[in-house]
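Sequences listed follow chains E and U, in order. First residue of the first sequence: -1, per the working numbering; consecutive thereafter. First residue of the second sequence: 2, per the working numbering; consecutive thereafter. Quick notes on the structure that follows.
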Amino acid sequence: GAVVSQHPSWVICKSGTSVKIECRSLDFQATTMFWYRQFPKQSLMLMATSNEGSKATYEQGVEKDKFLINHASLTLSTLTVTSAHPEDSSFYICSANSGRVGRGAFFGQGTRLTVV
Amino acid sequence: DAKTTQPTSMDCAEGRAANLPCNHSTISGNEYVYWYRQIHSQGPQYIIHGLKNNETNEMASLIITEDRKSSTLILPHATLRDTAVYYCIVDGNNDMRFGAGTRLTVKP
């Protein structure tokens, strides 16, 4: 199946700093990518939809100025957590699809962010 | 909001079939039924999907009722490594929205 890779797998950062997470589709072009956040013992919550060449669409309650999304190419989307705080500590997961209905989405392995 | 309802948890004996139900009574005609699973601290893993017909692959079978309002994921011979949270998702445009899923525990 298609491969989506996230980097880094885990990161620890200090409060107030920014962290960038990369999501790459390795063997297909992804017109759309999605970013999720998952807190312990909870389900995945969709944060935003990243569209290649245009602005991301954020879900209600997600601060677009805090979670910056860039989808500059058909194989790469990045999520930057700006001015991170301990409450931003979470498991961040991306997914990508080729835009073909019925093919589903392919998920990255996730990034564990810990803000200290 | 998620469009599916799943039991919170299920147990299954190793080597037996695991049957995971999902209700999706408000499914639209163009929406597919997808199943993913998530093992602790990993990204979701695709299992299977279908529209109307029953589907089978190397991992599982998917049985969709004729009215498409419910489905069942079948793992024919569950192993300990199948212990995970299983998510049933109905989707028509690939922005997968997750419900709480079913925590399947396979016991020796």
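Here a beta-carbon is modelled for each residue, glycine too, at the ideal position from N, C-alpha and C. Every value quoted in this text rests on a predicted model; they were computed, and no experiment measured them.
Within chain E, the residues that residue i reaches when beta carbons sit closer than 7 Å
| i | result |
| --- | --- |
| His41 (chain U) | Simply none; closest approach about 10 Å. |
| Arg98 (chain U) | Leu44 |
Neighbour-count burial assignment, residue i, 16 or more Cβ in a 10 Å radius
| i | result |
| --- | --- |
| Ser7 (chain E) | exposed |
| Thr73 (chain E) | buried |
| Ala14 (chain U) | exposed |
Nonlocal neighbours in the same chain, by C-beta distance under 7 Å from residue i, ignoring five residues either side
| i | result |
| --- | --- |
| Ile91 (chain E) | Tyr34, Gln36, Leu42, Phe105, Gly106, Gly108 |
Short Cβ contact (8 Å threshold) for residue i with residue j
| i | j | result |
| --- | --- | --- |
| Asp81 (chain U) | Ala19 (chain U) | Correcting the residue identity first, residue 81 (chain U) is Leu in this sequence and not Asp. It is not a contact, given that the beta carbons lie outside the stated cut-off. |
| Ala61 (chain U) | Ile40 (chain U) | no |
| Ile90 (chain U) | Tyr35 (chain U) | yes |
| Val113 (chain E) | His69 (chain E) | no |
Same chain, Cβ closer than 8 Å to residue i, neighbours up to 5 away in sequence not counted
| i | result |
| --- | --- |
| Asn54 (chain U) | Ile65 |
| Phe65 (chain E) | Trp33, Met45, Ala46, Tyr56, Leu77, Thr78, Val79, Thr80 |
| His78 (chain U) | Gly16, Arg17, Ala18 |
| Val60 (chain E) | Met45, Ala46 |
Same chain, Cβ closer than 6 Å to residue i, neighbours up to 5 away in sequence not counted
| i | result |
| --- | --- |
| Pro8 (chain U) | Thr103 |
| Leu52 (chain U) | Tyr33 |
| Lys62 (chain E) | Tyr56 |
| Ala103 (chain E) | Ser93, Asn95 |
| Ala54 (chain E) | Ala46, Ser48, Ile67 |
| Leu21 (chain U) | Leu74, Tyr87, Thr103 |
| His5 (chain E) | Glu20 |
Partners in chain U for residue i, counting only beta-carbon separations shorter than 8 Å
| i | result |
| --- | --- |
| Phe105 (chain E) | Tyr37, Gly44, Pro45, Gln46, Tyr47 |
| Asn95 (chain E) | Asn95 |
Partners in chain U for residue i, counting only beta-carbon separations shorter than 7 Å
| i | result |
| --- | --- |
| Ser23 (chain E) | Those do not exist, as Ser23 (chain E) stays about 13 Å from chain U at its closest Cβ, beyond 7 Å. |
Given 8 Å, three or more beta-carbon pairs between the stretch 16 to 24 of chain E and the stretch 82 to 101 of chain U: They do not touch, by the three-pair rule.
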